[in-house]
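Quick note, the sequences are listed as chains A, B, C and D, same order.
Counting from 1, one number per residue, gives the positions in the first sequence under my numbering.
Counting from 1001, one number per residue, gives the positions in the second sequence under my numbering.
Counting from 2001, one number per residue, gives the positions in the third sequence under my numbering.
Counting from 3001, one number per residue, gives the positions in the fourth sequence under my numbering.
Glycine included, each C-beta is placed from N, C-alpha and C at the ideal position.
To start, the structure under review is shown below, and the notes come after it.
4 protein chains.
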Amino acid sequence: MLAFHNDYHAGAHPDVLQALVETNGAALNGYGDDEYTVLAREKIREAIEQPNAGVYLVSGGTQTNQIVIDTMLEAWQGVIAAQTGHVSVHEAGAIEFSGHKVLTVPSYDGLARADDIRNYVSMFYDDPNHDHMVFPGMVYLSYPSEFGTLYSREELIEIRRICEEFSMTLFIDGARLGYALGAQTEHISLPELAQIADVFYTGGTKLGALLGEAIVFTQRLDGKTLEPKHFITQIKQHGALLAQGRVVGVQFNALFTDNLYTKIGTRANMMAQRVVNVMNKHGFESYIVSPTNQQFFVMDKSQYELLTTVATVSLWEPPRNGKYIVRMVTSWDTTDEMVDTLDAQLNN
Amino acid sequence: MLAFHNDYHAGAHPDVLQALVETNGAALNGYGDDEYTVLAREKIREAIEQPNAGVYLVSGGTQTNQIVIDTMLEAWQGVIAAQTGHVSVHEAGAIEFSGHKVLTVPSYDGLARADDIRNYVSMFYDDPNHDHMVFPGMVYLSYPSEFGTLYSREELIEIRRICEEFSMTLFIDGARLGYALGAQTEHISLPELAQIADVFYTGGTKLGALLGEAIVFTQRLDGKTLEPKHFITQIKQHGALLAQGRVVGVQFNALFTDNLYTKIGTRANMMAQRVVNVMNKHGFESYIVSPTNQQFFVMDKSQYELLTTVATVSLWEPPRNGKYIVRMVTSWDTTDEMVDTLDAQLNN
Amino acid sequence: MLAFHNDYHAGAHPDVLQALVETNGAALNGYGDDEYTVLAREKIREAIEQPNAGVYLVSGGTQTNQIVIDTMLEAWQGVIAAQTGHVSVHEAGAIEFSGHKVLTVPSYDGLARADDIRNYVSMFYDDPNHDHMVFPGMVYLSYPSEFGTLYSREELIEIRRICEEFSMTLFIDGARLGYALGAQTEHISLPELAQIADVFYTGGTKLGALLGEAIVFTQRLDGKTLEPKHFITQIKQHGALLAQGRVVGVQFNALFTDNLYTKIGTRANMMAQRVVNVMNKHGFESYIVSPTNQQFFVMDKSQYELLTTVATVSLWEPPRNGKYIVRMVTSWDTTDEMVDTLDAQLNN
Amino acid sequence: MLAFHNDYHAGAHPDVLQALVETNGAALNGYGDDEYTVLAREKIREAIEQPNAGVYLVSGGTQTNQIVIDTMLEAWQGVIAAQTGHVSVHEAGAIEFSGHKVLTVPSYDGLARADDIRNYVSMFYDDPNHDHMVFPGMVYLSYPSEFGTLYSREELIEIRRICEEFSMTLFIDGARLGYALGAQTEHISLPELAQIADVFYTGGTKLGALLGEAIVFTQRLDGKTLEPKHFITQIKQHGALLAQGRVVGVQFNALFTDNLYTKIGTRANMMAQRVVNVMNKHGFESYIVSPTNQQFFVMDKSQYELLTTVATVSLWEPPRNGKYIVRMVTSWDTTDEMVDTLDAQLNN
């Protein structure tokens, strides 16, 4: 079976694994105070061109979202997200578990729109009873979105403007950020993203690491970051401080060496476009075409049955009216041979 | 100024106040273990025809919703509510503060629809990833709704059926329940409501008491209730256990003596219909007409300015396109003279 | 039976009740925006000689403690309290429910000692691993304590100094503050207390009101208070915002008129001293003698049985080795006749 | 420098690392549904001789404690722990963050005593006001303790008995369980431990893995476990569900192959005894001697300065009165050569 069901089905990219092997014997400090974590932080700061950014490594995406949102929001604030945002739907209530409401705006192929956000917030402040409501304190965007789609530079800047106007922070969930940076379409650069977002994370789990996400508190115009006080203590309080912090530090050091991070993204995106071509050629209609590594197709039952004899894919939602929405994903371990085989086997 | 802005602008109904005065000197046990609270509980059990129901008195509506939802839901569960439900919008995130997500379905003049609820829940269970989502564990209905509207018997029974089918509890927020019971249109009786709901509360704050809400865990088919264990301790943990529990007990004892509760509702509803007639007669268009004590009107700016020189009303949402949505509310202290004066003064 | 079991067994002081009756018919704004709440706030500000203090009225003591501690502490901070402090023992975990740890120091007849607090905090900061521990962010003192005892001016000032040295806020729980102010022994004045504490509350429930506590954020040296932002919203989020805020406002307006608050305390304390005299005279040994309205006695089983045929008292802890620790409490409704009767009946 | 500061300073045991390398390329299911996690679970069940035990893998110890305690306790319950227990002191309030109070009993070299636990719980239930207090719902024991010490079989069985008598669950924190199992002194076996505890975890982070802890819900007398419902969803809600669950599964599969887990413990314990001998020989007084891999010494300043030129150690608490309490720890990577070098260098 060809593995196209997600981008975390394989272990680590060979270079990342190699780094783990090579550093295994070293006696290091715990809790992120080791030299590899220090190096990883430094390289991320260089990549975003912000020498004072705050960088912290944790193990998973939902964990990251919970910690960032809970520690950056005030108690009376909620976070605005698209209805399809990961924090809205697929985190088992982790945001609410930490006391905060997710305030939703419509989703367009995974993307929130600046106009909807502005409308939500201005209606809130116009409401005479807003003291009895949850204050919007942050905007959460997934980039790429859960559907692989990307915000344009203009849209991101407009959302940034709204955040400033209404004193909200902007948090960009980059669980798959490398795929955005590796997109062949026009897109913002990593330093631009670090200027637009108050905080973002760049994910390892879905981009060549065994696990790990790097939270980045970016420098604002005054050169300072919005990093929450005693952030290490707060990570610990959320149960997320790894004793062997090195396990993530070593991997991120590798990912941010020679731009491996973006290279993985670029290559996977190319594979994804080949998958789209093959699928379309065989009569599978695209449902959402994205410039990144996630592609969605809509098909009938017989097509679905054929496809699933050839490849593992992800059924995106319960079939309705005989229509199956299927996600196919590429990653660092997707090869030309795999796509060729897909092509060949769908032929039959 | 004529007070039509809400149903808690005056103190207590005279009979309720009298009860407080008469019982003031008695030395009683604290924390709800006094004789008046015992009597109030008993009378509520009689009114709903359920001798084993669990009855608890607390002080406010948001508090009640937070406690009931938090103590009845499991940690991984959320509560389904209409988008306009009080728990969705106007409780400053009190439900999320206690760790639970509010799962919304569309609102039709304040009412959720059985079909939408069924659809939400069945889609949830059909979703292959639902283990990563918030389980729907309860349905929350406001009766009357925040717009004064009422569910039909059939709709309530259908929602009850869905709750049973999907192992959810049904919670009815009766902050204004007396107005529903006093409606002149066809509606369910209090014993019927107690059969349909697993838990409900009947409010005092907005119906003739200074403060107080009575939570009722109803008997299920097996004669038992779903009352959470150590409920007194849990009320205490939520900061809601009054030392002088009597202050609510005495008032509810009065409210449930000689059916005062429903009488207050009936009378206020009649006043509300008179208000509608007067308003319509003077060219104020109804926005939502309800069978209870809350009435909504839509008007232009000059009408709004006229009205607010005569009466205190509640501007329901920020004016848009020159249109003002206004709520007018009657209560135990609304008199025929007040409505006559409204009529006279709008004439000018 | 003579009621000596607590100071909230009777309703409201007659003047307080009268105020409720007289204001009952007025149409007022809700949520604490009524004229009586405004007056009560103003009178409390005058009583503490701080025109800019922030004053908020809520309904109960545990609720107050939970809200003050949760909204003033940062997420990573806990509150230091004596082991016998109300927040440590008798609030069913309400502080932990809102996410904060209670850090305990020894109790001496209900009082924490400055030395123990200093020791706790300096050990914390000396600990090389304190980033993995709960930061002490606040000191909580009960004044009077749960045993009726009072801190000296010097001790309070010393604790204040420690709080400043280690950037902690000082919160004084004055559930029974009027009894402290009415003590015949040397004690701090209300304006002094307001200078020492960053925040305190003065209780109504146990001092002549049906319910209600007044939270006061005091002016600091810079003239500003530490009042949490959007405090009304946060009260609402904790389920504690009363729609008819008047019910507490009217009562506190009465309590702070003509110094009724302190007068109730003074009188009850005098009665308490008479109770001590009577009890001692009849051979009941004092366990803790306090200058306020709570008195503790230790007795054997036969004495306990005699006493409880005469008066309702509070058994303070489970009897051990045949010794009964009993609390007797006076309040606004304790009369000379009651104490005389106690004297007479113990004689038999 | 010789690394003796903790047991997580090196990466993974070579066999564990090898397993990660060998399995890296395999395309596997996520979220713990991969074949290696399945194997690891099976081997743990075999090792404890309980075919129906529930086994779940997460990434860290504080996280494990938070999840187990929060999901097994009812909302109104707290957990009893020794004052020095990890959950009491060194988890930055992670237990309180999830709403539960840690109820402390005295610690004797890291161990709680059955008598103290029984006393605490029986006093609680004897207290007439216990409905206003936090119910003890679980006993938490560290085995080995934070000081390397072990409970005797008799003490564990007695604590088990108390738990049954008072309807509490027994949770054993085995972050370093392999060192207990590898102790040369008389101690319980792993199957015995699984009979005594309702839930325990066996740690990987401090015992040869890069990260990971295995939570085990044991079979009770009726053959069932106390595993919380929808446990995967609850892990997700706590932010602790790894997408590449394999990273822990592969490591635990290796650790529980050929008893590697206990072998690592046995060997490290032997090294620890050699360290004690060497230290004592050089005049360093033992503070606590344990049968496991953690050893404590007390020394004066000049000794401390000498030692820290030779080895990295852990200063256990702030020096007082010129006395330094130092922890030295061995692990899978401690060699005879290291101990010989320690011996040689302390000689100088």
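Chain B residues whose Cβ lies nearer than 8 Å to that of residue i
i, result
"D/ALA3075", "ASP1070, THR1071, GLN1234, GLN1237"
Residue i: contacting residues in chain C (beta-carbon distance under 7 Å)
i, result
"D/ALA3092", "TRP2076, HIS2132, MET2133, VAL2134"
"B/ARG1327", "Near B/ARG1327 there are no residues of chain C at all, since even the closest Cβ is about 13 Å away, more than 7 Å."
Under 7 Å from the C-beta of residue i: neighbouring residues of chain D
i, result
"C/PRO2318", "MET3123, ASP3126, ASP3127"
"C/VAL2089", "MET3133"
"A/VAL21", "LEU3017, VAL3021"
When the options are compared against residue i, the one with the closest alpha-carbon
i, options, result
"C/PHE2217", "C/SER2189, C/LEU2260, C/VAL2068", "C/VAL2068"
"A/LEU221", "A/LEU306, A/HIS13, A/GLN195, A/LEU177", "A/GLN195"
"D/THR3169", "D/GLN3294, D/ASP3033, D/ILE3232, D/GLU3074", "D/GLU3074"
"D/SER3354", "D/ALA3094, D/ASP3126, D/GLU3192, D/VAL3089", "Any question about residue 3354 of chain D goes unanswered here, given that chain D covers just 3001 to 3348."
"B/GLU1165", "B/GLY1137, B/SER1142, B/SER1145, B/PHE1147", "B/GLY1137"
"D/GLY3174", "D/PRO3144, D/ARG3153, D/ILE3188", "D/PRO3144"
"A/LEU210", "A/LEU241, A/PHE252, A/GLY223", "A/PHE252"
"C/ALA2082", "C/VAL2121, C/SER2142, C/ASP2131", "C/SER2142"
"C/ILE2215", "C/GLN2244, C/LEU2177, C/TYR2120", "C/LEU2177"
"B/LEU1241", "B/VAL1021, B/ASP1033, B/ALA1026, B/LEU1028", "B/ASP1033"
Residue i at chain D interface by Cβ criterion, 9 Å
i, result
"A/LEU211", "yes"
"B/LEU1103", "no"
"C/GLU2096", "yes"
"A/ASP258", "no"
Chain A within 9 Å of residue i, Cβ atoms only
i, result
"C/GLY2099", "yes"
"D/PRO3014", "yes"
Chain D residues whose Cβ lies nearer than 9 Å to that of residue i
i, result
"A/ASN293", "What A/ASN293 touches in chain D: nothing, since even the nearest Cβ is about 15 Å away."
Chain-ordered neighbours of residue i on chain D, where CB pairs are closer than 8 Å
i, result
"A/THR377", "Because chain A in this structure spans residues 1 to 348, residue 377 of chain A falls outside the shown range and cannot be described."
Neighbour list for residue i in chain E, Cβ cutoff strictly below 8 Å
i, result
"C/HIS2009", "Absent from the structure is chain E; the protein chains it does hold are A, B, C and D."
Residue i: contacting residues in chain A (beta-carbon distance under 7 Å)
i, result
"B/LEU1315", "PRO128"
"D/GLN3066", "GLY239"
"D/SER3145", "Simply none; closest approach about 17 Å."
"D/SER3059", "SER59, LEU242"
CB contact below 9 Å: residue i versus chain B
i, result
"C/ARG2246", "yes"
Residue i: contacting residues in chain A (beta-carbon distance under 9 Å)
i, result
"D/ALA3268", "Residues of chain A passing the Cβ test: none, with the nearest at roughly 14 Å."
Within chain B, the residues that residue i reaches when beta carbons sit closer than 7 Å
i, result
"C/THR2205", "ALA1243, GLN1244"
Proximal chain C residues relative to residue i, where beta-carbon distance stays under 9 Å
i, result
"B/ASN1253", "Neighbours of B/ASN1253 on chain C: none; closest Cβ ~14 Å, over 9 Å."
Using a Cβ-Cβ cut-off of less than 8 Å, give me the residues of the segment 219-234 of chain A that come near chain C, in sequence order.
If the cut-off is 8 Å between Cβ atoms, the segment 219-234 of chain A has LYS229, HIS230, ILE232, THR233, GLN234 near chain C.
Touch test, the segment 3058-3072 of chain D against the segment 3280-3288 of chain D, Cβ-Cβ under 8 Å, three pairs minimum:
Using a Cβ-Cβ distance cut-off of 8 Å, the segment 3058-3072 of chain D and the segment 3280-3288 of chain D are not in contact, since fewer than three pairs of beta carbons, one from each stretch, lie closer than that value.
Take every Cβ of the segment 1180-1192 of chain B, pair it with every Cβ of the segment 1323-1342 of chain B, and state whether three or more of those distances are shorter than 8 Å.
No, because fewer than three Cβ pairs between the segment 1180-1192 of chain B and the segment 1323-1342 of chain B fall closer than 8 Å, the two stretches do not touch.
Between the segment 2098-2105 of chain C and the segment 2147-2164 of chain C, are three or more C-beta pairs nearer than 8 Å?
Result no; under three Cβ-Cβ pairs closer than 8 Å.
Is the number of C-beta pairs between the segment 3006-3019 of chain D and the segment 3203-3216 of chain D that are closer than 8 Å three or more?
Flag = yes, the segment 3006-3019 of chain D and the segment 3203-3216 of chain D touch.
At least 3 beta-carbon pairs within less than 8 Å: the segment 2105-2120 of chain C vs the segment 1243-1262 of chain B:
The answer is no - the segment 1243-1262 of chain B does not touch the segment 2105-2120 of chain C, with fewer than three Cβ pairs under 8 Å.
May I ask you to verify whether the segment 2014-2030 of chain C touches the segment 1026-1042 of chain B, counting CB pairs closer than 8 Å and requiring at least 3?
When Cβ pairs closer than 8 Å are counted between the two stretches, the segment 2014-2030 of chain C is seen not to touch the segment 1026-1042 of chain B, the count staying below three.
Mind listing which residues of the segment 2035-2056 of chain C have their C-beta closer than 8 Å to chain B's C-betas, in chain order?
Within the segment 2035-2056 of chain C, no residue has a Cβ that lies closer than 8 Å to any Cβ of chain B.
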